[in-house]
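Residue numbers (our numbering), protein chains in the order written: chain A, 1 to 69; chain B, 1001 to 1249.
Positions of the beta carbon are idealized from the N, C-alpha and C atoms, including for glycine.
Here the structure comes first, spelled out in structure tokens, and everything after it is commentary.
Below, the structure written as structure tokens:
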């Protein structure tokens, strides 16, 4: 099963990966977590739904997303 | 576990100093991947522009040079002619390429120099604070056109792909965007084609990439992504404007 890993310290919380990009809608901007740059990083709500398409990685400008299988 | 997607070896580990949601990072990642995929990283010389991506020499894991404003195509020409074995790409923004560097890009294209130009079009001057650029859309607000671009005062935007496709020189011209995964995949294909043509010594290739600038557009990253999709693409249609390889078939 694919595993999405968000590099919280690299993420700038732009939210590009959270909006209509993920086909199974499992990415959101974390409402309570804050990284050392002051951004709310993206987080995965339910990793078991991930299909490993890589769209979130492709649209991430940093890239702060890694996908493992 | 095997890594399917992750930071490519063509990029350094330095954190990029772009605003959240900036399209530069996406294009950097694509180039970083291509340097590895095409196995050209060791012999590539990149040209960093003047603008937000002026620090691109720190981000790409290949040799880089930073010439004066707009002179990327001229410096690329010099490097390519003295070191024809090297792969040379010039990474430029719209202020760099379409304003001060117009002469250089037009003549490099007319000479069909064997170089690759990566042109980031975000319709505004980014680093200097959101002034009107040659590519700013009619009616679009910037800090020097607060009522929106008035075509009677500031004229019409420059469409670089259409402009250069009027010349006989260029071998490959394409316009893509980085607003959706589909368009990003098309950008990957276009950049791969452009680099491949340079490796095959076909000639001049330019890929214009519509990219978002949420900070200077005064939008959130998600709004700016949609603005490209709904407004910018209508003025700057995506597609291949010249592909000699297909024409010759």
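query: Could you name the residues of the same chain whose beta carbon sits closer than 7 Å to that of residue 1110 of chain B, not counting the 5 residues immediately before and after it, in chain order?; result: 1167, 1169
query: For the stretch 1028-1058 of chain B, list every residue whose C-beta sits within 9 Å of some C-beta in chain A, in sequence order.; result: 1028, 1029, 1030
query: Can you name the start and end residues of the beta strand (DSSP E) that residue 1242 of chain B belongs to?; result: 1239-1243
query: Any idea if residue 1179 of chain B is buried or exposed, counting beta-carbon neighbours within 10 angstroms, 16 or more meaning buried?; result: buried
query: Note the first and the last residue of the continuous alpha helix (DSSP H) segment covering residue 1194 of chain B.; result: 1181-1199
query: Can you have a look at residue 1058 of chain B and say buried or exposed, based on whether 16 or more other CB atoms are within 10 angstroms of its CB?; result: exposed
query: Looking only at DSSP bridge pairs, what is residue 1121 of chain B linked to?; result: B:1210
query: Flag residue 49 of chain A as yes if its beta-carbon sits less than 9 Å from any beta-carbon of chain B, otherwise no.; result: no
query: Could you check how far apart the C-beta atoms of residue 1190 of chain B and residue 1233 of chain B are, in whole angstroms? I think they sit under 8 Å.; result: Going by Cβ atoms, the distance from residue 1190 of chain B to residue 1233 of chain B rounds to 15 Å, so no, they are not a contact pair.
query: Check whether the Cβ of residue 1012 of chain B lies closer than 9 Å to any Cβ atom in chain A.; result: no
query: Starting from the C-beta of residue 1215 of chain B, find all residues in its chain whose C-beta is less than 6 Å away, skip the five residues before and the five after it, and write them out in chain order.; result: 1019
query: Return the first residue and the last residue of the alpha helix (DSSP H) that residue 1177 of chain B is part of.; result: Here residue 1177 of chain B belongs to no alpha helix (DSSP H); instead the beta strand (DSSP E) covers 1172-1177.
query: Using the beta-carbon of each residue, which ones in chain B are nearer than 8 Å to residue 24 of chain A?; result: Near residue 24 of chain A there are no residues of chain B at all, since even the closest Cβ is about 14 Å away, more than 8 Å.
query: Taking 9 Å as the CB-CB limit, is residue 1238 of chain B close to chain A?; result: no
query: Below 9 Å on C-beta distance, what does residue 1171 of chain B contact in chain A?; result: By Cβ distance, chain A contributes nothing, its closest Cβ being about 27 Å from residue 1171 of chain B, past 9 Å.
query: For residue 1245 of chain B, count the other beta carbons within 10 Å of its own beta carbon; 16 or more makes it buried, fewer makes it exposed. Which is it?; result: exposed
query: In chain order, what residues of the same chain have a beta carbon less than 6 Å from the beta carbon of residue 1138 of chain B, not counting five sequence neighbours either side?; result: 1149, 1151
query: Between which two residues does the alpha helix (DSSP H) harbouring residue 1163 of chain B extend?; result: 1160-1164
query: Any beta carbon from chain B within less than 9 Å of residue 19 of chain A's own beta carbon?; result: yes
query: Check the Cβ-Cβ distances between residue 1002 of chain B and every residue of chain A, and say whether any is below 9 Å.; result: yes
query: Please give the ranges of any beta strand (DSSP E) in the stretch 1045-1106 of chain B, keeping only runs that are unbroken, at least 3 residues long and fully inside the region.; result: 1063-1065, 1087-1093
query: Strictly below 9 Å CB to CB, what residues from chain B border residue 52 of chain A?; result: 1004, 1005
query: According to DSSP, simplified to helix, strand and coil, what is residue 1223 of chain B?; result: helix
query: I want to verify the contact list: residues of chain A whose CB lies under 7 Å from the CB of residue 1225 of chain B, in sequence order.; result: 16
query: Taking 8 Å as the cut-off, is the CB of residue 1008 of chain B close to at least one heavy atom of the ligand ATP?; result: Ligands in the displayed structure: none, and consequently the ligand ATP is not present.
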